[in-house]
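Enquirer: Residue numbers (the working numbering), protein chains in the order written: chain A, 34 to 584; chain B, 16 to 259; chain C, 50 to 221; chain D, 838 to 1168.
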């Protein structure tokens, strides 16, 4: 960035502001860092997806299909670890958030641009550790690294825990950066009650990243020390407590679930508002429910441990607190639905993803009730019911929001439009494939099929076969989605500044934005969803409220 | 925490003259300064939670075996611990004074106090070194290495084959106390090392003349980090050395 | 951050920066030295108290003194006194969440085995058997090298076998 | 009570299964109603309020009663769920005082059950019908979890810690139990009884729970406490040992035909000298075999890893004698 003069900042679009590898790798521009994150996480998603398809293929029939049991254990561990640490946690915050947050705020960059680049490189280093672990024998502990299995297995645990440890710092620095950016770099007039819900969601996510991730760091550090020095804190054979590891792990990893889902909710709030041409119903409730999820998410971690040997008193406490989480989630779903009422709904592909999110998040959320209820959780814990539940939340919700959000902001990021028809085809494949893969897993689970099983009883064969076929449709959907993006990059028509006619602040910038995001510091005089101030047609040419400021 | 400070170019028209240390995405030095401090405080928050995990482990295992903890803690040298406490408290004072001097634009004073702080940091590490070697000599080591002086008997990465051995009248279970002791003081020691790096960098920039009355962000941030190191030690000292 | 509740600031860019120049509170050198002296006095107090056996009150006093010391450092050395209140909120919230972590984890570990004496305990109440996979009972130095009594053999050796003082790990 | 599986649930074979299922189906139907209500409304709105030229979205208003309503109403529903769930959990957790106690020891990758009379069994749990049974679980190595879907009961077996579960079976017959907590797998396949490839691991810690009437159960306990009868004849020690070789899953590591495995083959082993890892040589006599079963780490044959778990407690003296006799027969 230091090579750019003032003219460049205001007049050059960020994609053209320097060519060559170096101009990307050393950039301090949040948009380019966002794009680099985007490319990285898409590669991580591809890798995790390949493992997922291999797993489903192995489970097509009982007994050995394509791999040995030990290979299967490595495959599901790598699928989980890659998807969680390399893909889903950085997906919306680090890729989309990095690009969109400063533009939405009317800021020129995030608060700490160097820290932002550093967090990207920490992510890269973490990824290298993860890849090293894969090459050097991979890990077979499951992404949860439960002791004492993780301290006794011969697989490459230390490098993978170090990878997650390092990635955690990337996540912390991103969260820290966003929190400070939201506090200190909002455009004039953009006070807290005018903050877009995407920002509220990302702010809540950042709080969790900042508060929870350090505990993961110390947990994994102690685990690595246990393997190197034989530290006994989690090792029963040395007087430690393996269940304590689970407390440590879930103190991070339950809030981490909200690091994954709250950004998805944040994206969907934007999508529904834009394509309903309506302010989000219950704006304040949605904003506060994001913060509520962030805070209550810290009080429920031991519901992952109801059968693990925790005391009955703790089980009671954590079950009761777990139900509290249902309220902010429910409030969001109700408000989104109410927003659709009497809107003017434009069914673009991003909007279809938002509706798919609504459907699948509702299923994911409601099936959470079975798991929060103590009596039924005992039966369902560690079965495919849980697998299906969290895939509905993580994949059916967050990934849908990510796919929708990426298409929605694609014109801003790439400066080009995509092919709406093919995108709709990919949406249909993804939607059908996803539900085919995971809906049957609820039935398998409640009938007693435990998770992480390489082989299974013949009675589960039809369900597994159905699920595997579903995964092929899902995979095909992603390939078509990738084709949509590539086709857009190669031959997509140039995008206007505001192709969706959105009232969102980020659309007042050019597509793609100039280096400093705006040619002039915007002054905000309205809310982010004030569609009632204008006609539909005017929206596409720039919001009339903003016009005087531009002149 | 350096990022806010040194982006080299100025941008955007404003009524004021833009100093070169004002990053292009900030409007005013005050905004940039507050931003840096807010970021640092959030970072301090994460550090507290990171140490927090070890405090949880301490609370749990001490609650389970208070007597073992008490016996084990008597093998720590509280006098050295107390000296180290005073060294760190003094370094905190000098760090605060360094900030003060840079606030009033006294470059030499700032450097002087930063050097004093760094000397204290090295002093702290020297005393820590003396303590650690004594522990290594006596086999007062964490986990399976307990009772194996200088990590003897291949206890590093040794897996299940090596078990803690009883030493100095302590039960083998005392390996847990020393595990927590070494993890806590070790992690703290790593922070001291990082602090030395940060303060050296601040000192270098101060001598280069980067700072002025209007811009001393890095001094302030570096000092905040150093106070955090002190803050953690304020709890470690009584928990490990005094009450056990 | 003080004015994020003050939504009338339409002209505010971010939180407060109507002001252009950095205005930091400059603390008096003598005052800082006075705080340092107080910290030293508190250190002496905490060491002195720890030399007297007050039972469990020792820990309480030590923690109280440490918290006062930490408070002094944070308030004056770290300038929280003259800082935006939100920074104090962040600082305090770290301890709140740490408190949640400690309290809830202890809630589990301290109440295991209360409902059923064979649930979450390391010693089987009926015959004093140690749970397999767990740690060997205390091996005192008088009984020679501990390595001989491997953890793997812990399973069915009643703790009394071969040891005079089978202090069982305390799981209550 | 429905002993047959339904689409969603296994058969109800324990006293608390109907209650768990009641709560399950209650949540299920409430979820169906909510899902149809919310998503039905959403899809209807999407269809009804599609973008039409000249028709503007209606400005969003406020409806405080509605918002407070849908924030507060779920609280009552959730409180009810918590209450039922917790009451059901208390049933699942508090065993009756008169329950029969069976010790369950988990290890990679098999289950050992010890009955009140001291008899042991691997991977098959026999329980009497209509009598409360209390399982006290422990694990030798990593965390396992004992899960009987038909009983709706599950509990982790954690090393260094005991845990308890109980149930009262209500239906005679055979059902499956599983290990529900991931516990790894062997790196390589072992040879099965008939020389086929057998993988063992988390997924293979499956077994049967056999629920029988009191008389059959008592007879079974007697039978497994001594040598079995084969075709009406009491087995010889060597025959019994051959049966234990399979039922205690010795075959997953030790072959009897000279094939390589995780542990040394038993063919031509008994009565011959072996070299240990420390270079010394011992004769494989009854004492050595007994020590290796009870304290496997003590003397490891050169070229093998110290990975065998102890069978102390899971094989009684007569069973160990039978195994020794079997090994001695493999000449």
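For each residue, glycine too, the CB sits at the ideal point set by N, CA and C.
Going by alpha carbons, who is nearest to residue 186 of chain A out of A:261, A:410 and A:459?
Expert: A:261
Enquirer: Tell me which same chain residues have a C-beta within less than 7 angstroms of the C-beta of residue 146 of chain B, skipping the five on either side of it?
Expert: So the list reads 92 and 95, once near-sequence residues are dropped.
Enquirer: Along the chain, where does the beta strand (DSSP E) containing residue 949 of chain D start, and where does it finish?
Expert: 947–951
Enquirer: Can you give me the C-alpha to C-alpha distance between residue 270 of chain A and residue 182 of chain C, rounded to a whole angstrom?
Expert: 5 angstroms
Enquirer: When burial is assigned at 16 or more other CB atoms within 10 Å of the CB, is residue 884 of chain D buried or exposed?
Expert: exposed
Enquirer: Residue 342 of chain A versus chain C: which residues are under 8 angstroms apart at the beta carbon?
Expert: 161, 168 and 169
Enquirer: Spatial neighbours of residue 1076 of chain D within its chain, please: C-beta separation below 7 angstroms, excluding the five flanking residues on both sides.
Expert: 1067
Enquirer: For residue 506 of chain A, I'd like the list of residues in its chain whose CB is within less than 7 angstroms of its CB, leaving aside the five on either flank, ordered along the chain.
Expert: 462, 465, 466 and 469
Enquirer: Determine the DSSP secondary structure at residue 1010 of chain D, reduced to helix, strand or coil.
Expert: strand
Enquirer: Between residue 1089 of chain D and residue 1095 of chain D, how many whole angstroms is the CB-CB distance? I'm expecting something under 8 angstroms.
Expert: In this structure, residue 1089 of chain D and residue 1095 of chain D do not form a Cβ contact; the two beta carbons are roughly 16 angstroms apart against a cut-off of 8 angstroms.
Enquirer: Using a cut-off of 8 angstroms between C-beta atoms, extract the partners of residue 934 of chain D located in chain C.
Expert: Those within 8 angstroms of residue 934 of chain D in chain C number zero; the least Cβ separation is about 11 angstroms.
Enquirer: Suppose the cutoff is 7 angstroms on Cβ atoms and the five residues either side in sequence are ignored; what does the same chain contact list for residue 357 of chain A look like?
Expert: 329
Enquirer: Helix, strand or coil for residue 152 of chain B? Go by DSSP, reduced to three states.
Expert: In the three-state scheme derived from DSSP, where H, G and I count as helix and E and B as strand, residue 152 of chain B is classed as helix.
Enquirer: Who are residue 1002 of chain D's beta bridge partners in DSSP?
Expert: D:972
Enquirer: Note down the Cα distance separating residue 349 of chain A from residue 407 of chain A, rounded to an integer number of angstroms.
Expert: 8 angstroms
Enquirer: Span of the beta strand (DSSP E) holding residue 1110 of chain D?
Expert: Residue 1110 of chain D -> beta strand (DSSP E) spans 1110–1112.
Enquirer: Quick check: the Cα distance between residue 983 of chain D and residue 147 of chain C, rounded to an integer number of angstroms?
Expert: About 34 angstroms.
Enquirer: Determine the contact status of residue 1038 of chain D and residue 171 of chain A, defining contact as a CB-CB distance below 7 angstroms.
Expert: no
Enquirer: Just to confirm my understanding: we take residue 473 of chain A, look at its own chain, exclude 5 residues before and 5 after, and list those with CB closer than 7 angstroms. What are they?
Expert: 496, 499 and 500
Enquirer: Could you work out which residues of chain E lie near residue 332 of chain A, taking near to mean beta carbons separated by less than 8 angstroms?
Expert: This model lacks chain E altogether, as its protein chains are A, B, C and D.
Enquirer: Are any of the Cβ atoms in chain C nearer than 7 angstroms to that of residue 948 of chain D?
Expert: Closer than 7 angstroms: no.
Enquirer: List, in chain order, every chain C residue whose beta-carbon is nearer than 9 angstroms to that of residue 976 of chain D.
Expert: By Cβ distance, chain C contributes 180, 181 and 182.
Enquirer: Using a Cβ-Cβ cut-off of 7 angstroms, state whether residue 115 of chain B counts as contacting chain C.
Expert: yes
Enquirer: Excluding five sequence neighbours on each side, which residues of the same chain lie with their C-beta closer than 6 angstroms to the C-beta of residue 201 of chain A?
Expert: Within the same chain, Cβ atoms closer than 6 angstroms to the Cβ of residue 201 of chain A are found at 246, 249 and 250, the five residues on either side in sequence being excluded.
Enquirer: May I ask you to report which of helix, strand or coil DSSP gives residue 194 of chain A?
Expert: helix
Enquirer: What is the DSSP secondary structure of residue 137 of chain A, reduced to helix, strand or coil?
Expert: helix
Enquirer: What residue does the beta strand (DSSP E) around residue 993 of chain D start on, and which one ends it?
Expert: 990–994
Enquirer: Shorter than 7 angstroms from the beta carbon of residue 73 of chain C to some beta carbon of chain B?
Expert: yes
Enquirer: Might you give, ordered along the chain, the residues of its own chain that have their beta carbon closer than 8 angstroms to the beta carbon of residue 282 of chain A, omitting 5 neighbours on each side?
Expert: 177, 178, 179, 249 and 252
Enquirer: Quick one, are the C-beta atoms of residue 911 of chain D and residue 936 of chain D less than 7 angstroms apart?
Expert: no
Enquirer: Start and end of the alpha helix (DSSP H) containing residue 571 of chain A?
Expert: For residue 571 of chain A, the enclosing alpha helix (DSSP H) has its first and last residue at 569–573.
Enquirer: For chain A, is any of its Cβ atoms less than 7 angstroms away from the one on residue 50 of chain B?
Expert: yes
Enquirer: Just the Cα atoms here: how many angstroms apart are residue 331 of chain A and residue 430 of chain A?
Expert: 21 angstroms
Enquirer: Would you call the CB atoms of residue 152 of chain A and residue 203 of chain A closer than 7 angstroms?
Expert: Yes; because the gap between Cβ atoms is below 7 angstroms, this pair is in contact.
Enquirer: Are residue 424 of chain A and residue 471 of chain A touching if we call contact CB-CB under 7 angstroms?
Expert: At the C-beta level, residue 424 of chain A and residue 471 of chain A come within 7 angstroms of one another.
Enquirer: Against chain A, with Cβ distances strictly below 7 angstroms, would residue 164 of chain C count as a contact?
Expert: yes
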